[in-house]
Amino acid sequence: MNPTFGSILIKVFAGAVESGTILLLPTLGEVLTERSGVLNLGLEGLMLIGAFFGFLGAMKTGNPYVGLLLGMVAAAAAAAIHAFICVTLRGNQTVTGLALSIFGAGLTSFYGDSWVSQRLTIAIKPMAVPVLSQIPVLGPIFFSQDLIVYAAYILVAIFWFLLFKTKVGVNLRAVGENAKAADAMGVNVVGTRYFWTILGGALAGAGGAYITCCIHPYWLNGITSGKGWIAVALVVFAMWNPFNALVGGFLFGSIEALQLQLQAAGTYINSALLSMLPYITTFVVIIVATVIVRVRHVGTPKELGIPYAREEK
Amino acid sequence: MEGQEQLMLVMNNITKRFPGIMANNHVNFALRKGEIHALLGENGAGKSTLMNVLDGIYYPDEGEIVIEGDRVDLRSPLDSMKHGIGMIHQHFMLVDSLSVIENVILGLESQGFYINKKSVAGRIKAIATKYNFRVDPYAKIWQLSVGEQQRVEIIKTLFKGARILILDEPTSVLTPQESEELFGILREMKSEGKSIIFISHKLGEVMSVSDRITVLRKGRLMGTVDTASITERELAKMMIGRDVLFRLERGDIEQGREVLRVEDAQAYNDRGIMALDKLSIAVHGGEIVGVAGVAGNGQVELAECITGLRHLVGGHITVEGIDVTNASPCTLVSAGVNYIPADRLGVGLVPNLSTVENAMLRKYKQKSMRRGTFIDYGAACAYADGLIEKFDIAVPLKNAPVKVLSGGNMQKLLLAREIDENPRLLIAEHPTRGLDVGATEFVRKTLLEQRDHGVAVLLISEDLDEILMVADRIAVMYEGRIVGIVDAHHADIAQIGLMMAGAVGAKT
Ligand SMILES: Nc1ncnc2c1ncn2[C@@H]1O[C@H](COP(=O)(O)OP(=O)(O)O)[C@@H](O)[C@H]1O
Ligand SMILES: [Mg+2]
Chain W
1 MNPTFGSILI KVFAGAVESG TILLLPTLGE VLTERSGVLN LGLEGLMLIG AFFGFLGAMK
61 TGNPYVGLLL GMVAAAAAAA IHAFICVTLR GNQTVTGLAL SIFGAGLTSF YGDSWVSQRL
121 TIAIKPMAVP VLSQIPVLGP IFFSQDLIVY AAYILVAIFW FLLFKTKVGV NLRAVGENAK
181 AADAMGVNVV GTRYFWTILG GALAGAGGAY ITCCIHPYWL NGITSGKGWI AVALVVFAMW
241 NPFNALVGGF LFGSIEALQL QLQAAGTYIN SALLSMLPYI TTFVVIIVAT VIVRVRHVGT
301 PKELGIPYAR EEK
Chain A
314 MEGQEQLMLV MNNITKRFPG IMANNHVNFA LRKGEIHALL GENGAGKSTL MNVLDGIYYP
374 DEGEIVIEGD RVDLRSPLDS MKHGIGMIHQ HFMLVDSLSV IENVILGLES QGFYINKKSV
434 AGRIKAIATK YNFRVDPYAK IWQLSVGEQQ RVEIIKTLFK GARILILDEP TSVLTPQESE
494 ELFGILREMK SEGKSIIFIS HKLGEVMSVS DRITVLRKGR LMGTVDTASI TERELAKMMI
554 GRDVLFRLER GDIEQGREVL RVEDAQAYND RGIMALDKLS IAVHGGEIVG VAGVAGNGQV
614 ELAECITGLR HLVGGHITVE GIDVTNASPC TLVSAGVNYI PADRLGVGLV PNLSTVENAM
674 LRKYKQKSMR RGTFIDYGAA CAYADGLIEK FDIAVPLKNA PVKVLSGGNM QKLLLAREID
734 ENPRLLIAEH PTRGLDVGAT EFVRKTLLEQ RDHGVAVLLI SEDLDEILMV ADRIAVMYEG
794 RIVGIVDAHH ADIAQIGLMM AGAVGAKT
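Protein chains in written order, with my numbering: chain W, 1 to 313; chain A, 314 to 821.
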């Protein structure tokens, strides 16, 4: 086999892990948020907020990790607004989420205009994991990445464990499935929903900031280009399971990386068509996942999108 | 008077208001240590509300709660739990997709961060064994029968170390035999010194299981009595405020031709599980066939198939000899099939339309209600007025949304609309659920009247007493089949109970 072909393939998959992580972080966050019964369709806006404030923080401090943190905090704050409207005021979650998306886009375009095309001098750099990165094929794909990618792996494991093996997870799932029952058993429904909505926002912000502090270390309005929406769809694909979110994230990352490589290789396929690939796949995936959820009775938290009030009948 | 030291719990002057209603009106309640105390009252009397106050779900507008001599402030179920109160709600508070273990430890502070399934399973089994029943700790709630789910609820409260157990209408979902088993468990708990509050509106079981009885009527306390010193009839009077009719008069009419015939009907429920399993039943003109059974055995699906709201995957339905299998609701209505659905405000009436609009729903296509393409509101109003007058429906504002009517008046309106169609077949599903005595009696009498006019009536009800009171024949449904049909005049309740549990078929 041609050695250069092999190395290209490894490059494609390494790129897939990177783009996959951008999707994985918001998806993971939304899995948790939705598990608590709150639907947050504002991921795209939250990612943009994370991306912009991450970029801003990195610019001002010269430290991309500080930038990332700032991006997370800003997105978490925006998610707190969502929690306030949906949990405390019991507003319509779909409408609020959509508004949040538009708000994020508007806010970041407004303040971002003067930053367009400026570049970070220091972005987050890859750090090979000793030993593991030496494994042939898998090493360069999975373990020659940056800290954010590794953190994402670990978060998947942590949240999977938390969700299915601990009391925190049982309480979280119960709140999303049957808030009344959870309340009757003394679980703090409001607190739980706030916490996971805000945490989900922070993770979406991390996804956005990961773009501007690492992958594309410059600012463009609308730099997330619909990744937040794909993440919303990926939650269904993942059937609200953190581990499946990892699989879904990397699957979509691969499609994106493939699409980029095809464009770079100069195929005859129209590049606009190629760029549509992830979104077409989204449709397919949603259709398949919906059928599976229907047939196997798993997945959708029963009270997703339904506000809770103790004294209501 | 009783001494303070033997009292477990006292509720003083509890008042709880909901918009437009005083669900509890200065109610006093006292529970002794180690007693089974029944809380008796009709639907809507305020029993659940009072106990929800005790469970911290509702916060009272007035009044105080004293537990073992200390005044307590119960702001949440967690507070109540800390004081040893555990409540088993009418609608179970279980999370379907979680396992028994997960449901039991839900919200518990005593459990560590990591769930040690093995040890929890062991404790669950120990509790179950102590009270002579069995439950699989690893099963998911949705896999369990209603009776088993109730036991999970009991385990949940005991696991939390409850000393005061509240059971809200625990027998409403059980067969008579399952109820007996539950009473056994309650007596066992009592002998261990636990105090039990048992909510019910069934006189018989209250008499058999309780030590004392507190009666509520329309949110007010009617009194607390020793069970040993009162008769069922006196209790009924306390609960209802007057003597009750135990038997309804009926005309002696000859059974007519066969109107409804269901043959080998098969249908799935919403979860895709076979709900009707080759079910067959026939109803004749001039008879009421009561369908008895524990909820969830296919009664809902049966009604929906006959009224065209659910697709039959096998079998046939005929009305007066005409095949109407999978016909549209519209066709069925013109074939003379009318329907009083269980969900009167969701399926029967349109909540946000006015009384007039709801009244004309079956008629608006007719010439008499139209002026060209438009609806003739004058005619519609006159028609609604006619129904309101004939059925004595209390309607504060004819043009206000129908959802503001009381349950009884909604049901009267629904009944009026359907009966005005001169049905050949009337399907009534839980027609008196949640109604007060007056409305209940009215509904039952109306059904009997229809029967006397030669209409075929299929009455689906969870209330066995109701079925015994009005039906001519009783069909018992179990797991999607009619397991037996008995003559209501010679019905043996124990026999029906066994059939409801799937234990036996009919003798006849
Ligand atoms: N959360 C609520 N909001 C408004 N009204 C309520 C609520 N809960 C109960 N009610 C009303 O209070 C009254 C008493 O209800 P409830 O305590 O459930 O009666 P019971 O348990 O004796 O059947 C009823 O008229 C009911 O409609
Ligand atoms: Mg009740």
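Heads up, the beta-carbon is just placed ideally off N, CA and C, and yes, glycines get one too. Source: prediction; values computed, not measured.
Contacts around residue i, its chain only, beta-carbon distance under 6 Å, and the 5 residues preceding and following it disregarded
i        : result
Gly747/A : Asn356, Gly720
Leu700/A : Ala672, Ala729
Gln261/W : Val12
Chain-ordered neighbours of residue i on chain W, where CB pairs are closer than 9 Å
i        : result
Phe426/A : Thr166, Lys167, Val168
Met394/A : Met185, Gly186
Cβ-Cβ distance between residue i and residue j below 9 Å
i        : j        : result
Ile398/A : Leu407/A : no
Asn365/A : Asn341/A : no
Gly321/W : Ala231/W : Shown here, chain W extends from 1 to 313; a query on residue 321/W therefore has no answer.
Gly249/W : Leu24/W  : yes
Phe52/W  : Gly71/W  : yes
Val87/W  : Arg193/W : yes
Ile809/A : Pro489/A : yes
Pro278/W : Phe237/W : no
Ile586/A : Leu344/A : no
Ile440/A : Leu411/A : no
Phe103/W : Trp219/W : no
Ile222/W : Ser109/W : The question names Ile, but residue 222/W in the sequence shown is Gly. Yes.
Asn639/A : Leu738/A : no
Leu120/W : Ala58/W  : yes
Ala784/A : Val646/A : no
Asn582/A : Gly627/A : no
Ser101/W : Gly20/W  : no
Leu478/A : Met400/A : yes
Gly497/A : Asn445/A : yes
Val413/A : Pro450/A : yes
Arg90/W  : Ile370/A : no
Ser144/W : Val131/W : no
Proximity to residue i [Cα-Cα], best of the options
i        : options                                : result
Gly767/A : Val796/A, Asp409/A, Asn735/A, Glu754/A : Asn735/A
Gly634/A : Val572/A, Leu666/A, Gly627/A           : Val572/A
Ala105/W : Thr33/W, Glu34/W, Gly50/W              : Gly50/W
Phe142/W : Val236/W, Ala16/W, Leu163/W, Glu256/W  : Ala16/W
Met551/A : Leu516/A, Met394/A, Ala648/A, Asp776/A : Leu516/A
Gln403/A : His629/A, Phe331/A, Glu482/A, Ser513/A : Glu482/A
Gly333/A : Glu670/A, Val717/A, Glu779/A, Leu738/A : Val717/A
Lys703/A : Ala692/A, Leu726/A, Ser393/A           : Leu726/A
Ile81/W  : Pro130/W, Gly169/W, Asn270/W, Gly201/W : Gly201/W
Met520/A : Ile349/A, Thr759/A, Gly797/A, Leu710/A : Ile349/A
Contacts around residue i, its chain only, beta-carbon distance under 8 Å, and the 5 residues preceding and following it disregarded
i        : result
Met239/W : Ala289, Ile292, Val293, Val298, Gly299
Thr94/W  : Leu39, Leu41, Gly305
Met314/A : Low confidence applies here, because Met314/A scores a pLDDT of 46, under 50, leaving its location unreliable and the question unanswered by this model.
Asn171/W : Ala182, Val187, Thr192
Thr328/A : Met335, Asn337, Asn338, His339, Val340, Pro373, Asp374, Glu375, Gly376
Ile653/A : Gly661, Gln724, Leu727, Leu728, Glu731, Leu739, Ile740, Ala741, Glu742, Pro744
Gln462/A : Phe405, Leu407, Ile454
Neighbourhood of residue i by C-beta, 7 Å cutoff - its chain only, sequence neighbours within 5 removed
i        : result
Glu303/W : Gly37, Gly176, Glu177, Asn178, Ala179
Leu98/W  : Leu41
Partner residues on chain A for residue i, Cβ-Cβ distance less than 8 Å
i        : result
Val187/W : Leu419, Gly420
Under 7 Å by beta carbon: chain W residues contacting residue i
i        : result
Leu391/A : Gly186
Ser410/A : Glu177
Glu415/A : Val170
Proximal residues of chain W, C-beta to C-beta of residue i below 8 Å
i        : result
Ile370/A : Asp183, Ala184, Arg310, Glu311
His402/A : Ala184
Met406/A : Asn178, Lys180, Ala181, Ala184, Met185
Residue i beta carbon near ligand 4 (any heavy atom closer than 8 Å)
i        : result
Thr362/A : What this structure holds is ligand 1 and ligand 2, not ligand 4.
Could you give the uninterrupted runs of the beta strand (DSSP E) lying entirely in the region 365–408 of chain A, keeping only those of 3 residues or more? If we require 3 residues or more, the beta strand (DSSP E) runs fully inside the region 365–408 of chain A come out as 375–380, 383–385, 398–401.
To be precise: take each residue of the region 171–185 of chain W, compare its Cβ to all Cβ atoms of chain C, and keep it if any distance is under 8 Å. Which residues remain? Protein chains in the displayed structure are W and A, and chain C is not among them.
Sequence ranges, alpha helix (DSSP H) only - wholly within the region 753–787 of chain A, length at least 4: List check, alpha helix (DSSP H) in window: 777–783.
Beta strand (DSSP E) segments (min. 3 residues) lying fully within the region 319–343 of chain A: Entirely contained in the region 319–343 of chain A, the beta strand (DSSP E) runs reaching 3 residues are, in chain order, 320–331.
Output the residue ranges of the alpha helix (DSSP H) runs that lie fully inside the region 534–615 of chain A and measure 4 residues or longer, sorted by chain position. With a minimum length of 4 residues, the unbroken runs of alpha helix (DSSP H) contained wholly in the region 534–615 of chain A fall at 545–553.
Ignoring anything shorter than 4 residues or poking outside the region 687–720 of chain A, list the alpha helix (DSSP H) runs there in chain order. Fully enclosed alpha helix (DSSP H) runs of 4 or longer: 690–703.
Where in the region 419–494 of chain A do unbroken runs of the alpha helix (DSSP H), each at least 4 residues long, occur, reported from the N-terminal end onward? DSSP assignment within the region 419–494 of chain A yields the following whole alpha helix (DSSP H) runs of 4 residues or more, N-terminal first: 430–443, 459–472.
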